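See structure below.
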Amino acid sequence: MRTRQQGTILVAAVAAWGLGAGPSGCLWERSDDSLGSFCARPANGDGEEYCVGANRSPADAWSQAEAHGDLPIEMWAELPRGVSMRDLAASKDTLGLWLGNVDRVVSYVRDEERNAESYGATLSGELRFLLEYAAGQQRLLLQEEPVRAADRFKEAMTEKANAEKDPLLAALAADRQSMAAAKSVFEQARDEAPPLQAEYARVVARFVDYRSTEAAETTAYASLSGEASRSALDDLDGIERSILAAAREASRAPSELTVEIMALSARIQASVASFEEAIAPHEDFLATHGAVVPDMSSGALRSLNAMLGYVQQRVARSDRTATALLGGVGLRRQALLVLQGDTEARAAIARSRTRKASAVFREAARARAAAVSAAPPMSERLGLPLLAERCGELLALVQVRPLCEAAGSSWREAGCAELRGKFDAAEAELRTGLPRKIAAGLATLREKGMAAALLDAAQARLDAGDVKGAAMAYDAAVRGVEGT
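Numbering (this note's numbering), first residue to last: 1 to 484.
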């Protein structure tokens, strides 16, 4: 027995699906419960229900419930609007429509959200009540009318219950199995940690001891330097041997410590790689349950890397110090040999060194003169001059002036001749030219809307007479505007 209203609902359903209107189709812009509805209720939402028409997706009801409460979320499918449970049980088509909505709800919770607690709440809550209520109505109809087209309802309900019960049990069993497997991985990592922790403690203790010897090492080099500066020619070979021995000793302990640090770092990284490989299959499970994979190694690895950096820098400093000391010993040996020679030989050596120094100074003077003669570089977008490098070149030129005016500047004469015509111009540019250019550039930057803080800092330096500082702040402002 199908009422006219039931026939209308079925025709509407068929028409809608025939036109291609799915759960989020463009023909259904608003929620419509004429074909039923999807409802959701969060665990701590004070019993509030959030429902959308069956023309929408179960995800819409879930999202509303999730926004107003926490997991687990119970879901169910309500009957089409205006259809009683008795009418539903009496109509095969209307029953099929509703059971289809039930399938969509259950499939969404099971396959999309994949939350076992919500899945269990869905199967044991309102949906179960509706299914049992419908089964009761079917029994009443069977008593009233033994043979009906909808008498397969009980069989369908039994099959659905069995079909949903088994996946729930399987999901819960899988959760327990995944939890046990993840726990086993963590326990293995925990068992491997103590030996690594003990080795790390030993490395730290040895590093602390090594770091405490730096002052003594520096003092020993200083003592050798003082001894070398006072030694006679015959004693320099012994000083060289002492310097080499000190350098070897300064490298021995850190070499052993470096090997220990690198070996421990490699073992920690291997342990981390093994843990990450073992836990990788369980990451989705842990994320689903809000568990975070702990970081058990990055702090130790950063510490070891810092130790290694200190060791390498200290060894490099020791090598440079020893090399410089050996070079100084070599120069002292040459000087003492010269002193032992005759007057003519010493004079020849002095003349040779003077000529060499004069040539080097002349080339440096030519390079400095060329630099101050060139125009300063310009910024690409604004076309403003960059003045910090220019200021440095002018200052360097002005600082040379006293050397060229000194009475004993004869060996510098060739270089000074290249520079004498530029000293006055360089001083004038430092005094007036550069400050004007900086002030003009700052005004242009203000017009372009540059932030005032950096411009004010440059102006303050300029007002205080710090031309070099003002030029550096001005260049930084220009590059900031151009993004370079």
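Using N, Cα and C, we set each Cβ at its ideal position, and we do this for glycine too. Every value quoted in this text rests on a predicted model; they were computed, and no experiment measured them.
Taking Cβ to Cβ, would you say Leu455 is nearer than 9 Å to Leu442? yes
Where does Gly120 sit, in a helix, a strand or coil, going by DSSP? helix
Which one of Arg139, Leu387, Pro72 has the shortest CA to CA distance from Val372? Leu387
Can you tell which of Leu326, Ala250, Ala350 has the C-alpha that lies nearest to the C-alpha of Gln313? Ala250
Out of Ala316, Ser231, Pro385, which has the shortest C-alpha to C-alpha gap to Leu331? Ser231
Outcome for Phe207 when other beta-carbon atoms lying within 10 angstroms are tallied against a minimum of 16: buried
Alpha carbon to alpha carbon, how far is Ala89 from Ala273? 59 Å
Across the stretch 376-386 and the stretch 348-366, are there enough close Cβ pairs to call them in contact, namely three or more that are closer than 8 Å? no
At what residues does the alpha helix (DSSP H) containing Val52 begin and finish? Taken as a continuous stretch (DSSP letters only), Val52 belongs to no alpha helix (DSSP H), being part of the beta strand (DSSP E) at 50-53.
Quick one: using the 10 Å Cβ neighbour count with 16 as the cut-off for buried, is Val467 buried or exposed? buried
Give me, in chain order, the residues of the same chain whose beta-carbon lies closer than 6 Å to that of Leu236; leave out the 5 immediate sequence neighbours on both sides. Val329, Arg333
Helix, strand or coil, according to DSSP, for Tyr474 in the structure here? helix
Per-residue burial, Met75 [other beta carbons within 10 Å of its own, 16 or more giving buried]: buried
Taking 8 Å as the line, does the beta carbon of Lys437 fall inside it for any heavy atom of the ligand PLP? The ligand content of the structure shown is nil, which means the ligand PLP is not present either.
My guess is that Ala65 and Gly36 are in contact by the Cβ rule of under 8 Å, so how many angstroms apart are they, rounded? The Cβ separation is near 18 Å, so there is no contact.
Since I believe Ala369 is in contact with Lys422 (beta carbons under 8 Å), could you give me their beta-carbon distance rounded to a whole number of angstroms? 6 Å
Output the distance between the C-alpha atoms of Ser57 and Pro72, rounded to the nearest integer angstrom. 19 Å
Flag this pair as touching only if the stretch 261-269 and the stretch 298-311 have three or more C-beta atom pairs under 8 Å; answer yes or no. yes
Minimum C-alpha distance to Asn305 - residue among Arg30, Leu419, Val259: Nearest option by C-alpha distance: Val259.
Excluding five sequence neighbours on each side, which residues of the same chain lie with their C-beta closer than 8 Å to the C-beta of Val478? Ser379, Leu382, Leu384, Leu386, Gly441, Leu445
Bridge partners of Pro195, per DSSP? Answer is none; Pro195 lacks a bridge partner.
Proximity below 9 Å, CB of Leu403 to CB of Leu430: no
Exposed unless 16 or more other CB atoms sit within 10 angstroms - verdict on Phe38: buried
C-beta atoms of Leu462 and Ile438 nearer than 9 Å: Contact: yes.
Got a sec? Which residues, its chain only, sit under 6 Å from Ser31 by beta carbon, not counting five neighbours each side? Val52, Gly53, Arg56
Give the list of continuous beta strand (DSSP E) stretches no shorter than 3 residues that lie fully inside the stretch 26-85. Whole beta strand (DSSP E) segments, 3+ residues: 37-42, 50-53, 73-78.
Going by C-alpha distance, which of Leu79, Arg355, Leu196, Ser410 is nearest Glu126? Leu79
How many whole angstroms separate the CB atoms of Tyr210 and Thr321, which I take to be in contact at a CB cut-off of 8 Å? Tyr210 to Thr321, Cβ: 17 Å. No contact.
Taking the alpha-carbon of Ala473 as reference, which of Val398, Glu482, Gly465, Ala458 has the nearest alpha-carbon? Ala458
Alpha-carbon to alpha-carbon, Ala375 and Ala414: Roughly 25 Å separates the two Cα atoms.
Identified DSSP bridge partners for Pro385: Met378
Could I get the ranges of all uninterrupted alpha helix (DSSP H) runs contained in the stretch 211-276, with 4 residues as the minimum, in chain order? 214-230
Glu482, buried or exposed, once every other Cβ within 10 Å from all chains shown has been counted against 16: That one is exposed.
In whole angstroms, what separates the C-alpha of Leu308 from that of Glu199? 16 Å
Rounded C-alpha distance that separates Gly465 from Thr432: 11 Å
Mark Glu256 as exposed unless 16 or more other C-beta atoms lie within 10 angstroms of its C-beta, in which case mark it buried. With fewer than 16 other Cβ atoms within 10 Å, it is exposed.
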